[in-house]
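Reading the sequence shown from the start, the letters are residues 994 to 1220 in my numbering.
All residues carry an ideal CB built from backbone N, CA and C; glycine is no exception.
What follows is a short report on a single structure.
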Amino acid sequence: MSTALMYSFAQRADARVLDEPLYGYFLARTGADRPDREATLSIWPTTADGALRHMRATEEEESGSRVLFCKHIANHAEGLPWSAFEGHRHVLLFRNPAAVMASYSAHIERPLMRDVGFDHQFRLFEQLSAAGTPPVVVCSDRLQADPSGTLGRLCTALGLEWSPSMMHWTPGPRPEDGPWAPWWYRGVHASSGWEARPTGTHEVPPHLAELHSACQGFYDTLIQHAI
């Protein structure tokens, strides 16, 4: 869902997108085991300075005349100074924990809270809200059920004009894809845009029941603030 949202912004004439510019830094710092680890570390910046340079805005983006959309996984920013993100507008996109368990378990047998990131998203929400700059909170279930309405509300919350071009893209790999795309993006590569569809149900693997329960509490709070 986050990749589809990135593809949406990539269709805007006024936007540039970056796919998880902090991922190489996260892998190098944590030693996390991922099927795409070597492919990512061979290409993506692995130091904090390198990653932040990779996501540096242009003068037009700094002035607000153009948009820079950076797709992140929340825990990729751990260990970086908060000052690195001053001036950014933050959007927290989150999923039903059961869907997250099903998605991750297809690639990682025993994901940790560090992997699914609910605790870090919740801390970001609290920190940003306490600083007087609350993030825009988006629930993927609502985005899936009403894509045009949710995208429109997101644009309004960010002070952007709605662009119908955000609803469609060309199927297949895209130039903005990170090097991990062959492992994770098969579904979105088969798509050509958003279409409203009901939320599915997901069975939580028994060995992830404890992690699912821990994530549910964070989800129950975030959903109260979703647009």
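- ARG1009 is bridged by DSSP to LEU1061.
- Assignment of HIS1113 by DSSP, reduced to helix, strand and coil, places it in the helix class.
- Annotation: the continuous beta strand (DSSP E) that includes PHE1087 extends over 1084-1087.
- Within the segment 1096-1149, the runs of alpha helix (DSSP H) at least 4 residues long that lie entirely inside it are, in chain order, 1106-1109, 1111-1123 and 1133-1138.
- Scanning its chain for C-beta atoms nearer than 6 Å, with the 5 sequence neighbours on each side dropped, one finds around GLY1165 the residues HIS1182, in chain order.
- Beta-bridge annotation (DSSP): ALA1219 is paired with VAL1130.
- DSSP, read as helix, strand or coil, puts HIS1205 in helix.
- Around the C-beta of GLN1120, fewer than 16 other C-beta atoms lie within 10 Å, and the residue is accordingly described as exposed.
- If you draw a straight line from the Cα of GLU1154 to the Cα of TRP1187, it comes to about 18 Å.
- Boundaries of the alpha helix (DSSP H) around GLU1031: 1030-1034.
- Secondary structure note for PHE1019: its alpha helix (DSSP H) is the uninterrupted segment 1016-1023.
- The segment 1013-1023 and the segment 1042-1055 touch, with three or more beta-carbon pairs separated by less than 8 Å.
- SER1133 and MET994 do touch by the CB rule: their CB atoms are close to 4 Å apart, below 8 Å.
- Spatial neighbours of ALA1219 in its own chain (CB-CB distance under 7 Å, excluding positions within 5 residues in sequence) are listed in chain order as VAL1130, VAL1131, CYS1132 and ARG1135.
- Of the residues HIS1069, LEU1105, PHE1118 and PHE1062, the one whose Cα lies closest to the Cα of MET1159 is PHE1062.
- HIS1161 is bridged by DSSP to GLY1186.
- By the Cβ rule, the segment 1205-1220 counts as touching the segment 1105-1115, because three or more pairs are nearer than 8 Å.
- TRP1162 has its alpha-carbon roughly 5 Å from the corresponding atom of SER1185.
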